Amino acid sequence: MSSIPPLPFLNVKFSGPKQIARDMESLSGETFDKITDSFEKGSIIIMGVIWLVAILLCALAYLTVGQAASVHQKLNEALATEPQLPTVTQFNLSPPQLKPHADRLMERYGKSINVIFSGREDFLVIEASDSAQFSTWLSAINYLDTIAPDVRWRFERLCMGQDCDKSILMSATIKGEGVGIERPQPKQD
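In my numbering, the protein residues as written are 4 to 192.
What follows is the structure, given as structure tokens:
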């Protein structure tokens, strides 16, 4: 029968069942109690550390979830207090919408300068053929801006002097854009 190699930490040789029984008898008493006491203390310390780490991780998770909920609530409050802005839209004026403006210009300046509006096109032409009419021509352009504050006027063509046709010294081709403001719609949740 082969013998079991010695275990250095116990300093005991195992050679058979009788020897094991003798070794167990020598371990009983104080030695065995010391071994079990040290094992119990070590395992209790390890288990205590594990539970402490678990409790700390749970507390950290609880705090993190609480902070996330707080941030989410603040975000919802900020979105609720955000003002609802109106929508501004721009659109080209049609010939029927331009006609009242052209009529007012013709009534006021039609004797000294040319105000051309065909009724089929979406622009006005203000012309003058004499340099003495420059201030009247400029006044007509300014007047157009004041009679329609809800219209934005844009120059399609502006020429003076040699840049214009031979018989015309000053010409402004002006296109109108309407500005619409739509009320804000209530938010849908």
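Ideal Cβ positions, reconstructed from N, Cα and C, are used throughout, including at glycine.
In this text, all values refer to a predicted model and were calculated from it rather than measured experimentally.
Please report how far the alpha carbon of residue i lies from the alpha carbon of residue j, in whole angstroms.
i, j, result
"Q76", "A143", "58 Å"
"A81", "Q87", "13 Å"
"L101", "K169", "28 Å"
"T90", "Q188", "10 Å"
"C167", "E85", "52 Å"
"K114", "T92", "36 Å"
"E43", "T67", "36 Å"
"W54", "C61", "10 Å"
"I73", "N79", "It should be noted that the sequence gives Ser, not Ile, for residue 73. Answer to the nearest angstrom: the Cα atoms are 10 Å apart."
"G69", "I184", "43 Å"
"A24", "M50", "33 Å"
Hey, could you find the ends of the beta strand (DSSP E) residue i is sitting in?
i, result
"S174", "M173 to E185"
When you compare the CB positions of residue i and residue j, do they come within less than 8 Å of one another, or not?
i, j, result
"I171", "S132", "yes"
"F94", "E159", "no"
"P99", "R123", "no"
"Y146", "L96", "no"
"A105", "F120", "yes"
Just grab the DSSP bridge partners of residue i for me.
i, result
"I49", "Paired residue(s): none; I49 is not in a bridge."
"V2", "There is simply no residue 2 to check, as the chain begins at 4 and stops at 192 in what is shown."
"V91", "I184"
"A131", "M173"
"I119", "V128"
"L66", "Beta-bridge pairing links L66 to no other residue."
"L161", "A175"
In the DSSP assignment, find the unbroken alpha helix (DSSP H) run with residue i in it and report its ends.
i, result
"D106", "P98 to Y112"
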